[in-house]
Structure formats: structure tokens, C-alpha cells
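Please read the structure below before turning to the comments.
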């Protein structure tokens, strides 16, 4: 295929003609208003040359109805004055020819008269192209959508199809319907013959900045087919000058086609990489958005002065706390994927409005994540992330819960993006028994096992497990795939309680490393009372060729039941946590100056808490610290535990300090616990529940408050 359309090489009418408020919708309970807030400006720094629009958005042919497109054209063409021979796009109609079905489009039945809106929607449906894409193309090619008047050329070559860079336009493709249909079919041709075209997704592509080769080019890693389609159609990327002035001209080497596409789509319909959300910016209405869990008032407003993005925004309120606005996105996500959504929110009045932004993975084993918010009268972006841990899902739901009942919440510019999550620190399936036993099985003989749904009785969540036996020593276990390196450390922890508060339940927890060599295991006895208690066992992997890790709970008590919840098996995230081989890798002073050394049991005769080595540290200044920073992308709702074994070096003298665990990056979080230890190895631990987004690392820190003494350190871990 040699057809190449001519790029727009001038800034054109990029953002002109956006309509003013045309109505104020009724139906909200008291508290709503149209208090204006300035729209947030789009920045060229947000432009991603490799991901201009997602496949989910580009090929979603059901975003708009003909009536919605007509309303959109009426709005954007409100200042247009046409004639009978050259009508405005909102008034345009023509006879359309029938087209037989092809590999790219289904059959199109021609009509004696169809409006522009009808043509846009019907072609989109026939060829599987989003009508929003076609509207944006009409604007960025000829300015037809926002035109104050039209010309015959605008309709003749409405989408610039069949207009190569080096020759006149091909008359075969003249005419509005012909242009819209041919361009939509061509996008499908690009898609279904992807390897035949110069620009392809999933690789680096050299893309010019301008038709003038002397202006140079740059490498672009195209992330999806939709973005590749835009480059095949308009084979230039914006340069820095074009991105620095999004509403105007750059320099002599600037090209604007794909920049303008991105700007128009953002301004009219929201982020084009929005992950399949319909009406993410509520332009022209609220297709796809519904009341989530009961009746709420909701309406879309057309008010450019009040919108965060474009001309429209959404409003909702409720008299029942916890009601919601939601949208389901059909999208298959797998374990290990990450879903990230954002939405801009503000209160209709100066009074704070509170709620929670949530993501749900539906289909399979349901899971969710939520970010609480409280917003005022200025637009505020709220973000939520869902790492997919439990199962694959066929649908992702974005849901905004409203806790405030005395005001109105405004919403705008929602996005949904998909990526890869940080590997789960917990290798177990169904660790909290939420609705399933999953892979929890009998270990070395029959045991009874079940799950109960009882939020008041669970340690967390709504479910917990239960097991019992008539034969002491029987067990409940789960085996997971893992390939730990020799010298690494894994921990199994679980919360337990006795079903009969007055009768303790005894047993043993064990963690096995299994593979081609001899099994490696460690165990710890426990006694469970009527209150939830965390028990744990740590196993050091002393050999290579391990392929599985097995967590096991041996039951000693009979005539009683053990309740279990919130189990975890995972590796130590720290480096040289037990200082084996004399290694101090990863460790250093956190605050101020400290002395450090690593000693061996063989050289000192002092027994390490674990293995053969331990560290020693001291300081002359109280508050100085020993620390290690571990790179880690965390997610809201996770809990990390810092654990270390400590003892004083001197008989008769204690050592005091503080163990802290920090979440760094984004809004800093920290939890700490004070300790005083004698000359017996003592476990000190602190939990950090992650409540803020954006952490990129965790910091383990031991503050030393005692001077004139040494602190011995061993078996440090974060898990």
C-alpha cells in the first residue's frame, strides 16, 4: 500500500471554538452548584510518543450513539454559519453508498440521506473504530468540528485520506462518507497487516519530526497497534518546540498531526490511553457510568469554566453514605498485572467531601483496592492501584464511593492504565481464606478443614480458615513454586487462635525447602489462645536446586479447632540479613556516624542467633543509626514487617534503641518500636501498613540510644 495522507504542518485551529455552558442540569439534591474552577492545562511533558492512544480506546466502536455525536457537533459547531451548499458539519447530510463486507469492515447498507453524525457512528461500528477517534481526525485534519464556516475542500478530503506527501490527493477517495469509511477501513488494514508496515508495535521505530529530512528523527518504542496506526497515517512525531506550545506553533521543523490528535482527544474525551473507560472525561454525556450499589443522583454538566478537562464534567450526590458511581471495563487481567486508575474530584461547595476511589477485579476470585479521599473546592487528582494477586479477571470496575451526604461531588478526566505489578511478597494462594481454601491441603494425613465467613471473627477481611484432627501430628499445608538461591531466607507466618477460648491449642509450624537435594526445614512450636496471635518460622536455604517451598501447620491438640488467617510465605527482601560469610553488603550508617563490624562464631566463641555470623555496632552519639534501604514498589493495603534479633554485648548492661521501618518515595510513612535488650538474643519487630502511594523503597533502621556498649545484630529481615 503506497497511499500516504498529507500531514498538517501548521498549528491550525487547535483549541478554538469550544462552546460555553449551554445548560445547567436539574435533579441533584440540595448542595449542588456551578462554582467555577480553572481547567487544568495539558502539558507537553505528558505526551508519550510511544503510547498516544490505547488499543482499548481506539477500537471501542460503542462509545457514542448518533444522537450523542449530533449533540457533540451541535455544541462544537454553535458558532458555525453555513449555507445550503456548504453547511456546517452539524447540519451536513448526504446519500451514502452500500459497501460489501471485507476483511476490515462489515457490510454497510447505504441510505438516501445520512447526517454526518450517523455516518461517523455507523462507519465506526462497521469498521470497529471509536467514533471519538473519527471526530478527532476530522478536527485535526480539516478543523471541521470546530469550524465557523466550511469549504468544499474540507468535505472533499475530510480526513486527508489518499493525499500523499508528494502528490495531489487521489480523487477516488473524494467525499465526506468516502473519506470517513476509507480511513476507518485503512486503520483496520494497518492492524491486520501490521508486519507489512514500516511502523510496528513492540519495537523501536525511527520516526521523522518533519517531512523535511534535515529536521532529523528520533527512536520511538511504539507500545500498541493503535499508536502505530496513527504514525502510519501521519508519519511524524512532534518535536520539543511543538510540545512546548501545545496550542500554537513550534518551529520550522515542527509537525503537528499526532500532537493535535492527542491534544484534541484529551480536551474532548479525556486521556486517550484511559484503558477502555467510556466517557472518561464525560464529554457529551456519561456513557458507561452507572450507579454502583444503589440509587444516587447523577448528571453531566457542560461547563468549560468548571471542568477539569475539556468542557464537561460529572456530578453526583447521595443521601445514603457509601453509595457509588461506577464503570465496568471488560478487560482480561492476569495474576501479576497492575491496574492504575486516576480521577479528578472536587466538592461542589467549599465544604469537604469524603469517599473512597476503588478498583475491583471481577470474574475469578474477587479482589479490590481503595484510596480514601477528602476533597475541597479545587480539583484534586486521586489515584488507586490494584496489583492482581488472587486470580485472573475478565472485568475491572472503577468505583467512586461517596461518604458525605450533605454536598455534591464533581468528577472529571478518569483514566485506567495497565502494567506489571511488583512480584507479590506473599507466595501463598488464598492466604486469608477469602471465599476459598484454594491450595490448602492435607499434609501428612487426614484433617478436617473449612472456611467461615465472619467479619467480626476474622483477623482481617471477612473469612478465616478452620482445621482440626483426631490424630496428633496431622497437618494442613500449602506448597508453592519458588527458586530461591542458596543463602536466601524465607519466612512463613500465620495468625492463629483457639476456637475454645478457655482451651489452648498447641502445634508446630514448619517451612520446607524442597527440590532435587535433601529437604531443608525449620519449625517452631506454638500455643494458640482465644485471641489472634501471629506465629512464624524462618528457614535459611542452604542449598541450590530448590524448586518448591512448603508451609505446614502440624496439629497437636485434639478435641478442639484451630482458627487460621492472614498467612504469608515470602523471601527476606534484605541483603546480608544474617551477615553470613562476613558480608555487610547493603548496610551502612543511616543517621550520623556509627562503628560497625562483622564477627564469626568460630573466631569469638559467641553463638550467633542464626548461622555463623553476626554484626556489632556502637556510637558515641545517641540517635545515630544502622540502616539498609531496599528497592521496593509498594501498594496501599500491603503490610511489611521488619524483624531483627538483638542483644547487648556486655553482661549486666542493657542496650536501648528504636527499630523503624520507612516507606520512602511519595508521601513518607514510618512505624517504629522501642527496645531494651540484655545479653539474650531478643526478637524485635515492627509492622508498616502501607497507606500512601508512591513508595519506591523500604528503609530498615536501628537507632542506637545507648553509648559505651556494643549492640549485636543478627537475622534482620523485611517481609
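Numbering (this note's numbering), first residue to last: 1 to 719. Ideal Cβ placement from N, Cα and C applies to all residues, glycine included.
Measure the alpha-carbon distance for residue i versus residue j and round it to whole angstroms.
{"i": "residue 22", "j": "residue 413", "result": "Interpretation of residue 22 is limited by its pLDDT of 24, a score under 50 that renders its predicted location unreliable; no figure is taken from the coordinates."}
{"i": "residue 314", "j": "residue 431", "result": "39 Å"}
{"i": "residue 231", "j": "residue 195", "result": "14 Å"}
{"i": "residue 477", "j": "residue 439", "result": "8 Å"}
{"i": "residue 354", "j": "residue 320", "result": "13 Å"}
{"i": "residue 484", "j": "residue 317", "result": "52 Å"}
{"i": "residue 709", "j": "residue 618", "result": "7 Å"}
{"i": "residue 529", "j": "residue 63", "result": "57 Å"}
{"i": "residue 30", "j": "residue 140", "result": "In this prediction, residue 30 scores a pLDDT of 25, lower than 50, which makes its location untrustworthy; the coordinate-derived value is nonetheless stated afterwards. Those two C-alpha atoms are separated by around 41 Å."}
{"i": "residue 309", "j": "residue 133", "result": "18 Å"}
{"i": "residue 181", "j": "residue 74", "result": "22 Å"}
{"i": "residue 577", "j": "residue 48", "result": "41 Å"}
{"i": "residue 680", "j": "residue 613", "result": "16 Å"}
{"i": "residue 36", "j": "residue 335", "result": "Caution applies to residue 36, whose pLDDT of 25 falls short of 50 and renders its modelled position unreliable; the model cannot decide the point."}
{"i": "residue 210", "j": "residue 58", "result": "25 Å"}
{"i": "residue 455", "j": "residue 434", "result": "10 Å"}
{"i": "residue 661", "j": "residue 131", "result": "51 Å"}
{"i": "residue 228", "j": "residue 250", "result": "23 Å"}
{"i": "residue 85", "j": "residue 98", "result": "24 Å"}
{"i": "residue 380", "j": "residue 280", "result": "16 Å"}
{"i": "residue 495", "j": "residue 567", "result": "7 Å"}
{"i": "residue 65", "j": "residue 78", "result": "20 Å"}
{"i": "residue 701", "j": "residue 659", "result": "6 Å"}
{"i": "residue 561", "j": "residue 466", "result": "7 Å"}
{"i": "residue 109", "j": "residue 103", "result": "16 Å"}
{"i": "residue 239", "j": "residue 256", "result": "9 Å"}
Can you tell which of the options has its C-alpha closest to the C-alpha of residue i?
{"i": "residue 684", "options": "674, 690, 95 and 255", "result": "674"}
{"i": "residue 555", "options": "547, 549 and 564", "result": "564"}
{"i": "residue 401", "options": "501, 617, 291 and 226", "result": "291"}
{"i": "residue 581", "options": "598, 382 and 357", "result": "598"}
{"i": "residue 127", "options": "184, 654 and 85", "result": "184"}
{"i": "residue 46", "options": "222, 667 and 263", "result": "263"}
{"i": "residue 148", "options": "390, 87 and 198", "result": "87"}
{"i": "residue 593", "options": "608, 446 and 707", "result": "707"}
{"i": "residue 120", "options": "107, 85, 135 and 435", "result": "135"}
{"i": "residue 458", "options": "471, 444, 498 and 443", "result": "498"}
{"i": "residue 339", "options": "216, 392, 716 and 451", "result": "392"}
{"i": "residue 468", "options": "481, 491 and 506", "result": "506"}
{"i": "residue 80", "options": "143, 107 and 118", "result": "143"}
{"i": "residue 545", "options": "482, 587 and 591", "result": "482"}
{"i": "residue 323", "options": "297, 669 and 276", "result": "297"}
At which residues does the alpha helix (DSSP H) containing residue i begin and terminate?
{"i": "residue 268", "result": "257-269"}
{"i": "residue 181", "result": "176-192"}
{"i": "residue 73", "result": "66-76"}
{"i": "residue 59", "result": "Careful: residue 59 lies outside any alpha helix (DSSP H) and carries neither H nor E."}
{"i": "residue 123", "result": "116-127"}
{"i": "residue 225", "result": "225-233"}
Return the bridge partner residues of residue i from the DSSP annotation.
{"i": "residue 101", "result": "Answer is none; residue 101 lacks a bridge partner."}
{"i": "residue 325", "result": "291 and 400"}
{"i": "residue 600", "result": "613"}
{"i": "residue 317", "result": "297"}
{"i": "residue 580", "result": "Per DSSP, none; premise fails for residue 580."}
{"i": "residue 411", "result": "314 and 345"}
{"i": "residue 446", "result": "DSSP output for residue 446 lists no bridge partner at all."}
{"i": "residue 416", "result": "341"}
{"i": "residue 566", "result": "Bridge partners of residue 566: none, in fact."}
Do residue i and the ligand FMN come close, with the Cβ less than 7 Å from some heavy atom?
{"i": "residue 237", "result": "Because no ligand of any kind appears in the structure shown, any question about the ligand FMN cannot be addressed here."}
Taking residue i as part of the beta strand (DSSP E), name the residues at either end of that continuous run.
{"i": "residue 674", "result": "669-677"}
{"i": "residue 133", "result": "Element bounds for residue 133: not the beta strand (DSSP E) but the alpha helix (DSSP H), 131-142."}
{"i": "residue 534", "result": "533-540"}
{"i": "residue 639", "result": "639-648"}
{"i": "residue 554", "result": "546-555"}
{"i": "residue 528", "result": "520-528"}
{"i": "residue 221", "result": "217-222"}
Problem set entry | the segment 331-343 touching the segment 400-418, judged by at least three CB pairs closer than 8 Å | Contact between the segment 331-343 and the segment 400-418 is established, with three or more Cβ pairs separated by less than 8 Å.
Exercise. Quick check: the segment 621-635 against the segment 648-655, are there 3 or more CB pairs under 8 Å?
Worked result: Taking 8 Å as the limit for Cβ pairs, the verdict is that the segment 648-655 does not touch the segment 621-635.
Exercise. At a cut of 8 Å, does the segment 516-523 reach the segment 539-556 through at least three beta carbon pairs?
Worked result: Touching, yes, given that three or more Cβ pairs across the two stretches are closer than 8 Å.
Exercise. Does the segment 359-367 touch the segment 386-405, meaning 3 or more C-beta pairs lie closer than 8 Å?
Worked result: Counting Cβ pairs under 8 Å, three or more are found: they touch.
Exercise. Does the segment 89-99 come close enough to the segment 108-120 that 3 or more CB-CB pairs lie under 8 Å?
Worked result: When C-beta atoms of the segment 108-120 are compared with those of the segment 89-99, three or more pairs fall below 8 Å, so the two segments count as touching.
Exercise. So does the segment 162-170 actually touch the segment 188-202, counting three or more Cβ pairs closer than 8 Å?
Worked result: Using a Cβ-Cβ distance cut-off of 8 Å, the segment 162-170 and the segment 188-202 are not in contact, since fewer than three pairs of beta carbons, one from each stretch, lie closer than that value.
Exercise. Is it true that the segment 632-641 meets the segment 686-696, where meeting means three or more beta-carbon pairs spaced less than 8 Å apart?
Worked result: In short, these stretches touch, since the Cβ pair count reaches three.
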